[in-house]
Amino acid sequence: MITSVHNEQVKYVTSLHHNKGRKESGEYLIEGKRFVYEALTREAPVKKIYFVSSMKLPNQEIFNQETTADIPGLVDRASSLGIPVEEVSETVLKKMSTTEEPQGILGIVKKISFSWQDITAGDNSIMLVIDGIKDPGNLGTILRTALAADVKHIILTKGTVDLYNPKVLRSSMGAIFSQAILSEKTPEEVVDFCLQRHIMLAVSTMEGDSIFKENIRDHDPLALIIGNEAFGPSEYFLKKAAKRYSIPMYNNVESLNAAMAAGIFLYELRRQVQFL
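Sequential numbering from 594 applies to the sequence shown in the numbering used here.
Listed below in structure tokens is the structure:
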């Protein structure tokens with residue numbers, strides 16, 4: 594049992610709070626019962642689990658997955674999979690955690706490296722390009738919404754918030770375990786890839802054809818570009834995109850939150866693919 598906050602393992606875990614530590618190690622931190630459950634269920638490369646056997650957990654998330662949702666159940670499951678587990682004191686767990694109210698369990702996960710070959714585009718498929726989103730909550734919510742809309746192939750351009758930022762991970766609710774995500778790509782690389790694979794590029798803009806009047810079956814496969822919260826897609830994407838899509842606005846509303854707009858676009862595209 595680890596009881597000292599000066600333990601080397603504690604120092605290592607806290608290094609994963611920062612982008613530098615995550616890049617150097619190739620690992621990242623997951624926190625909370627739901628996230629650990631998702632990681633174990635989806636066979637993510639979990640390296641180690643740390644837990645507190647008895648801890649008062651204020652404002653516990655509502656999570657009904659029978660006994661596997663309990664910390665002992667998660668620990669037993671990790672052990673059965675051959676994943677090292679280590680008990681720590683409540684003080685140590687609070688030091689390891691990035692949240693003010695940790696939920697008694699966290700884990701270290703190895704990053705999975707994807708290549709262009711992992712990004713596929715078959716008939717009636719939708720890809721997502723996230724271009725310069727800065728807010729971690731927005732990125733995580735977009736990833737979670739994309740998975741719900743069955744969009745599993747995603748490209749993040751340079752300048753987008755780090756995929757493994759703790760706030761991104763919490764907002765994604767484990768979506769990244771089921772998605773092939775490429776990071777740190779330039780707009781030029783994305784455009785070249787789409788041209789080679791005959792994937793139509795479409796940008797989401799304030800001025801464009803209404804997404805509700807389109808039929809992407811005429812254009813599939815398609816890569817939808819969601820741009821920066823303040824400035825939209827990069828100029829290069831605007832020049833190279835074959836289509837510009839917009840969401841109609843009423844009552845003098847100027848814009849929507851990036852994550853909300855992404856959700857509308859993705860679900861409308863999914864509707865067109867499946868039902869038109």
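Backbone N, C-alpha and C fix where the C-beta goes; we use that ideal spot for every residue, glycine too. Predicted, not measured: the structure shown is a model, and the values here were computed from it.
Beta-carbon proximity of residue i to residue j, cut-off 7 Å
{"i": "I642", "j": "V606", "result": "no"}
{"i": "L732", "j": "V702", "result": "no"}
{"i": "Y860", "j": "I804", "result": "no"}
{"i": "N612", "j": "D755", "result": "yes"}
{"i": "A768", "j": "L736", "result": "yes"}
{"i": "I818", "j": "V722", "result": "yes"}
{"i": "G801", "j": "Q696", "result": "no"}
{"i": "G700", "j": "G725", "result": "no"}
{"i": "V796", "j": "P826", "result": "yes"}
{"i": "W709", "j": "F786", "result": "yes"}
{"i": "P759", "j": "T691", "result": "yes"}
{"i": "M799", "j": "A835", "result": "no"}
Closest residue to residue i among the options (Cα-Cα distance)
{"i": "L815", "options": "I840, M842, N821 and V783", "result": "V783"}
{"i": "K806", "options": "Q867, I840, V722 and D785", "result": "I840"}
{"i": "R790", "options": "K778, T684 and D813", "result": "D813"}
{"i": "G730", "options": "Q772, R763 and N821", "result": "R763"}
{"i": "V866", "options": "D811, N845 and D728", "result": "D811"}
{"i": "V645", "options": "P638, A637, E636 and K688", "result": "K688"}
{"i": "R864", "options": "A742, N844, A855 and E683", "result": "A742"}
{"i": "I747", "options": "L622, R615, G614 and A855", "result": "A855"}
{"i": "R635", "options": "L775, D663, F770 and N844", "result": "F770"}
Nearest-angstrom Cα separation, counted from residue j out to residue i
{"i": "E617", "j": "L609", "result": "9 Å"}
{"i": "L849", "j": "T750", "result": "21 Å"}
{"i": "K745", "j": "D711", "result": "11 Å"}
{"i": "T713", "j": "V603", "result": "39 Å"}
{"i": "S672", "j": "L633", "result": "11 Å"}
{"i": "T596", "j": "E694", "result": "18 Å"}
{"i": "G675", "j": "P665", "result": "15 Å"}
{"i": "S706", "j": "F868", "result": "34 Å"}
{"i": "I788", "j": "I719", "result": "Residue identity check: residue 788 is Leu in the sequence provided, not Ile. Answer to the nearest angstrom: the Cα atoms are 15 Å apart."}
{"i": "V681", "j": "V598", "result": "10 Å"}
{"i": "F858", "j": "M594", "result": "49 Å"}
{"i": "E659", "j": "K833", "result": "Residue confidence for E659 is low, a pLDDT of 43 falling below 50, so the modelled location carries little weight; the figure read from the coordinates is stated next. So the alpha carbons of these two residues sit roughly 50 Å apart."}
{"i": "S647", "j": "V685", "result": "13 Å"}
{"i": "K640", "j": "G614", "result": "16 Å"}
CB-CB length for residue i against residue j, believed under 8 Å
{"i": "I809", "j": "L740", "result": "Between L740 and I809 the Cβ distance is about 19 Å, and since that is not below 8 Å, they are no contact."}
{"i": "E620", "j": "K704", "result": "6 Å"}
{"i": "A852", "j": "T779", "result": "23 Å between Cβ atoms; not a contact."}
{"i": "M766", "j": "R627", "result": "7 Å"}
{"i": "Y829", "j": "E781", "result": "7 Å"}
Where residue i sits in the DSSP three-state scheme
{"i": "R615", "result": "helix"}
{"i": "V678", "result": "strand"}
{"i": "L859", "result": "helix"}
{"i": "G820", "result": "strand"}
{"i": "G891", "result": "Nothing can be reported for residue 891: it is not among the residues displayed for the chain, which extend from 594 to 869."}
{"i": "K626", "result": "helix"}
{"i": "M720", "result": "strand"}
{"i": "F707", "result": "coil"}
{"i": "G767", "result": "coil"}
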